[in-house]
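To start, the structure under review is shown below, and the notes come after it.
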């Protein structure tokens, strides 16, 4: 009776425990626990998921796996005293694991995987389950560490605590007490520290997975004691050091995975003892040296060899071809060189080979035709060259993917019929392929899905037969020379998703039937010469998310139906001839993120509907004809990061609502007619990295809060009417790379805080009214290579700043100031990158510094209108860049590119003004350089060194108004690029050298007012007489003085006197009008840089310099910058 009562109580206890467990289940989507009910005749041992012992008295198994249950694990689980199996995996339990789990003394199997809501830590009480053989907790949110008490569960055979992102701490060494353990899986957690060396004691261990943690230290050699180990996976950690030599003792090892660590050294020879190895993965480490050759012969079972992304060098060992079992061979992203060994053709089981990103050269060996199982051929970015061996590849029957971009292949695509029936992907971009796309392409590749041929030299038209590639999904042929019209047959490629053909020579209209490509998601045909309008059929492209048609000849209004494309995220119609207004329907598209309509003929006011495109992050409508004010609704676009309104005719004030665009990074509203003081609304835009307000009508002072825009990298405020001082807070903008405040009315001293802008690449304060000594400390700029500094056109005083001596500069313009003193001549000082130095119109004195002749990159040198003395040394011939004679009529000046990659468009307008006679003379061609040396208007003396005439790259040479003497050397004929030569107003003597006639580009010559004598060479009589006046010993055309033996000759003193008289007369009576010739060096690039080009308009061939008094220089070089 007593036993019966106890059994009844026990049953009630366990059934009530189950019902309490059920009470914690909030959702049972399948009704799996509907039969858990004491009010029915069904005993609890027959409830779903419940198994009892043979006497039907005690629950021994509770398996609720995969039922989709939602709820918490009840503490009542601890009352199932004899429970042996508990499987709650693949549900949606949440909350913590109850500590009562430790009361289950008979528990042998506990599975809790795939319950993301389980959190908290693994209870210490788990150590009470001493009979556990299988514990698996994965894909949960448990945190804390692995409880050391698990070491008490010494019967454990499988321990898998994996994919718990918050499970951290160190691996407890107590796990080494689990002597029965065969599987230890702790991968995909956040464990730290080292692998306990004590793990070498787990003698029965067969699988050890510790990958994707944050473990570090060396791989313990004690692991070599695990003689039964078959899988060792330590990937995606921070292990360092080398592979221990003892690895060869793991003779049963099948998988060794050490990918993505910090391991180094070579592959130890002992690896050859791993006879049973199937997978060796050492990818993404720093292993180095040559690949061993002898170890591969013993690896007769190796199926996968992954050695990518290391530092291996040398040739691929031919012995790899002896591993007949190999299926995957990946050696890419190493420094391997030499040719591909032909022995690899013996790998008959190979399915995947990757030799990309190596220095391999030569060709693909013919033996690759024997790779009968090959599916994936990846050979990208190598030095392989020659023609692609299509005949060889066509013999590989199962080849599916040919990935060979970025090599040196030339030749053509296959033109004769070959069988590539299994091939689905062909990527051959970034090679030197030529010829046309064959008509029979789709016959040779009937199953092709991806064809990528970008950046080659293919020509001809897209064949009409391309429409026969019925499975085509991706077609890429950008950056070739493809011409002709787009084939309408592409409509038959119903699966086409990606069509990319930008930067070709495509002509004609957009085919209307492309609007029926219902799967098309990406269409990019930028940079062609397509014409006509956008077909209305394009309104059917409901899957299209990217439409790029910029830089074509498209015209007409922007279609309103584009606003109805439900997936359209990116639309670029820039640089066409679209006219009219922006359709309101387009702006009502709430999906579009980037809208680029720049550089068209759009006009009218910006529509109020612009505020409805609330998903926009980039809006570029610059270079159009928009007028009126900025609508206040623009402030609704709070996700905007880029806003370009530049170069329109917008007026009024900047609206207050712009302050709501707090995510703006790039703002360009330059070259409009905005008025008002500096806009206060900008102070809220603290994420700004580039701000362009150039060429507006802004007034007032720069505010002190400008320093709070701490993320600014580009700030351009030039060509406004700003006044007052530069605020000290400008120095707080320590991220600045580009600062342009030029052409305003700024006053006061340059603040010393600008020295803090140590990352500047470009500083332009030119053409203001800044005063005081130029004592700014430039030394912080020393770490920046090639900074450009423009301070010209101010009233700065004091000496040449000594802190400039250690700054690496590209351009330095201090001209048109009141600087004085001598230039420092520091031994060893060589600003190697300096290309332009302009000190014109100051009061500098003394001799020319020696470092000037060590400027190997110098192209423009203007020291005119100063008081320099001494001789021009022969070292002037050391100016290496000026020695280069261009073979082209578009002779080039260096580019003033930014070294920063920001997407800022820096519109830089340099203007160099020459004073010439007979009006303005301009150039007609666009060139990249105009190389200048101008020392005019100084007190230099001595002979002109013949070394000067070795500077064959010079375009303009002016030494006028000095005291040079001696003859003009016949070596002057070495100045082969010279356009203008002015040696007037010196004391030169002797004859005019006939070699001047060999200067084929020379359009302006002035040798007037010297002591030259003799007959003017017949070859240069094309120049006007004013080129030679004031030389009373010269005769012959174009002068009126005849050359006769009876011609009187005057003494040098008489000549000088006559020169002075005639010069004064010419200045006062004949040449009182002064004309300026200007040419423009313009640069425009995206926020990433600015480059220069000189725009030269009608020829200087017939221009002559205007004569001035000695201290007034005959040329003036004034660089104006519009930014």
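Numbering (the UniProt record's numbering), first residue to last: 1 to 1123. Each residue gets a CB set at the ideal place from its N, CA and C atoms; glycine is no exception.
In the three-state scheme derived from DSSP, where H, G and I count as helix and E and B as strand, residue 378 is classed as strand. Collapsing the DSSP output to three states places residue 880 in a helix. In summary, residue 358 is buried, with 16 or more beta-carbon neighbours lying within 10 Å of its beta-carbon over all protein chains present. Within a 10 Å sphere around the beta-carbon of residue 653 sit fewer than 16 other beta-carbons, which makes this residue exposed. Around residue 529, the same chain offers 507 and 553 as residues with beta carbons nearer than 6 Å, after the five sequence neighbours per side are excluded. The shortest C-alpha to C-alpha distance from residue 660 to any of 876, 611 and 694 is the one to 611.
Between residue 88 and residue 104, the CB-CB gap reaches or exceeds 7 Å.
According to the DSSP assignment, residue 390 belongs to the alpha helix (DSSP H) that extends over 390-393. Nearest to residue 519 by alpha-carbon distance, out of 162, 494 and 336, is 494. Under the three-state reduction of DSSP output, residue 522 falls in the strand class. Judged by beta-carbon spacing, residue 50 lies beyond the 7 Å limit of residue 83, meaning their Cβ atoms are not closer than that value.
Within the same chain, Cβ atoms closer than 7 Å to the Cβ of residue 126 are found at 101, 102, 147, 149 and 150, the five residues on either side in sequence being excluded.
For the pair of segments examined, the segment 360-372 was found not to touch the segment 415-433: the number of CB pairs separated by less than 8 Å stays below three.
With a beta-carbon spacing of about 15 Å, residue 375 and residue 355 fall beyond the 8 Å limit used to define contacts. Under the rule that a run must span 3 or more residues, the beta strand (DSSP E) segments found entirely inside the segment 187-234 read 190-193, 207-209, 214-218 and 231-233. In the DSSP secondary-structure assignment, residue 259 is not bridged to any residue. Contact check for residue 1028 against residue 1042 fails: the beta carbons are separated by 7 Å or more. Nearest neighbour of residue 450 by Cα position, chosen from 477, 459, 433 and 436, turns out to be 477. When secondary structure is reduced to three states using DSSP, residue 692 falls in the strand class. Within the same chain, Cβ atoms closer than 6 Å to the Cβ of residue 531 are found at 553, the five residues on either side in sequence being excluded.
Under DSSP, residue 956 forms a beta bridge with 932 and 980. The criterion of a C-beta distance shorter than 7 Å is satisfied by residue 747 and residue 769.
Put simply, of 728, 440 and 448 the residue whose alpha carbon is nearest the alpha carbon of residue 425 is 448. A direct Cα-to-Cα measurement between residue 505 and residue 632 gives close to 42 Å. Boundaries of the beta strand (DSSP E) around residue 941: 939-943. The Cβ-Cβ distance between residue 265 and residue 242 falls below 7 Å. The three-state reading of DSSP puts residue 1009 in coil, since its state is none of H, G, I, E or B. DSSP, reduced to helix, strand and coil, places residue 630 outside both helices and strands of the structure shown, so it counts as coil. Taking every protein chain shown into account, the CB of residue 55 has fewer than 16 other CB atoms within 10 angstroms, so this residue is exposed. Residue 577 is positioned such that its CB atom lies no closer than 7 Å to that of residue 547. In chain order, 382, 384 and 431 place their CB closer than 6 Å to the CB of residue 407, counting only its own chain and leaving out the 5 sequence neighbours on each side. Residue range 745-748 is occupied by the beta strand (DSSP E) that includes residue 748. Within the same chain, and ignoring the five residues on either side of residue 91 in sequence, the residues whose Cβ sits closer than 8 Å to its Cβ are 64, 65, 66, 67, 68, 69, 70, 114 and 115.
Note on residue 614: under 16 other CB atoms within 10 angstroms of its CB, so exposed under the neighbour-count rule. For the pair residue 215 and residue 181, the CB atoms are not nearer than the 7 Å cut-off. Within 10 angstroms of the beta-carbon of residue 628 lie fewer than 16 other beta-carbons, which makes it exposed.
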